[in-house]
Amino acid sequence: MTKAEKWRTLARILAFTLPGGVLIGVAIGWFIGGTSASMVAGAVIGLLVSIGFVGFEVSWAIELIPRRWREAPFLVVLLTRSLVWLAVLVTGISLPLITIVRLSLSQLVDQTFVTVVVVSFVAALVGNFVGQVNRLLGRGVLVRLILGRYHRPRQETRVFLLIDLRESTQIAEQLGNLRYHDFLKRFIADVTANVWRYRGEVHRYVGDQVILTWNADKGLNDARCVEVVFAISDSLEAAGTGYESDFGVEPKFWAGLHLGPVVTGEIGTIKHEIAFLGDTLNTAARIEQACKELQHQFLASAEVISALDLPSNITSRSIGGIKMRGIEDEVELFAITRVADQPATA
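Quick note, our numbering runs 63 ahead of the 1-based positions in the sequence shown.
Quick look at the structure:
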């Protein structure tokens, strides 16, 4: 996503959410004061707080905020985000009360206000702690664990996309372990930066491989599970100069895509996680391996292709049935390519 696209995304989301914030503020102002001044103040509070919260959170998600802040240690991120939340809330409430309701500073900063500030900061800490834990586990995993969605295993149809760094062994030997870790960390960050936009989930990192997943409807809709591959390619190409400057090598990747049934459920006691069991993920891994053997960057199974409505700028071509290790029947594979000079769209 280019910087211009990021700003357009932020503007669209703000335009969609701000009216709701203003209406909530008006309702609260009417409930508390019952006067036109209190309703106007409530509207302004709702507007300012919505701009602050939504603007900050969306900017964080789409990487308008510099990576060094987003990838700081857990405690630093927790405190920084909590202080930003507190600043947004205090500023959003204080300015309208001073300028519209005409409260003096001494009237504003009373015992009740101090209590509100302290409670707000504690709430911000708790909210951001939960958010950071959710970030560690993967989007949506914490909610599913809390609600027990997969406490009893269930069968569902999912899309799996495996992204694997090319020539990782050679790059590791060239850079050494510590610098290779920095390289891999940046590569994975650039890969997963596109996941949010295409509504995917990061299931797991396995060495230099990223496993992405969607439920079938979400991944197939608008061909998100395909479009994201080209968005990742665009991101890495745009960042190529930086990689070359810092590491002397630009990252390339293989991508294997498959669709099928899995049994999804919670496993583990000391370490708890949601696992996907069945042949689907294994087949997706074999398809990704076939990319290397057949020298195709992006391969997908017939199951995915038959379920997809590919956009006009993306084509698929059958390369026939391929025998894969551990799979009895041949798997028909399709090479997926994008028509030149037509970038991926969300």
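No residue lacks a Cβ here, since even glycine has one placed at the ideal position from N, Cα and C.
Determine the DSSP secondary structure at residue 343, reduced to helix, strand or coil.
Note: residue 343 maps to helix in three-state DSSP.
Straight-line CA distance for residue 122 to residue 158?
23 Å
Are there three or more Cβ pairs, one per stretch, closer than 8 Å when the stretch 260-272 is compared with the stretch 218-228?
yes
How long is the line joining the alpha carbons of residue 232 and residue 240, rounded to whole angstroms?
Note on geometry: alpha-carbon atoms of residue 232 and residue 240 lie some 11 Å from one another.
Give the straight-line distance between the Cα atoms of residue 288 and residue 355, rounded to the nearest whole angstrom.
20 Å
List, from N- to C-terminal side, the alpha helix (DSSP H) runs of 4 residues or more that fit wholly inside the stretch 223-272.
As far as the stretch 223-272 is concerned, its whole alpha helix (DSSP H) runs of at least 4 residues are 231-238, 240-255.
Determine the DSSP secondary structure at residue 276, reduced to helix, strand or coil.
strand
Identify whether residue 382 lies in helix, strand or coil by the three-state DSSP scheme.
Correct three-state label for residue 382: strand.
Residue 125 - DSSP class collapsed to helix/strand/coil
coil
Pull the bridge partners of residue 317 from the DSSP assignment, please.
Paired residue(s): 227.
Can you find the residues in the same chain that come closer than 7 Å, C-beta to C-beta, to residue 254, ignoring five residues on each side of it along the sequence?
226, 273, 295
Could you check the C-alpha separation between residue 404 and residue 185 for me, to the nearest Å?
Because the pLDDT at residue 404 is just 44, under 50, the model does not fix this residue reliably, and the value given afterwards should be weighed accordingly. Cα to Cα, residue 404 sits roughly 50 Å from residue 185.
Check whether the Cβ atoms of residue 339 and residue 325 lie closer than 8 Å to each other.
Yes; because the gap between Cβ atoms is below 8 Å, this pair is in contact.
Can you round the beta-carbon distance between residue 319 and residue 368 to whole angstroms, since I take them to be within the 8 Å contact cut?
Between residue 368 and residue 319 the Cβ distance is about 13 Å, and since that is not below 8 Å, they are no contact.
Residue 394, enclosing beta strand (DSSP E) - first and last residue:
Looking at the DSSP string, the run of the beta strand (DSSP E) that includes residue 394 is 394-401.
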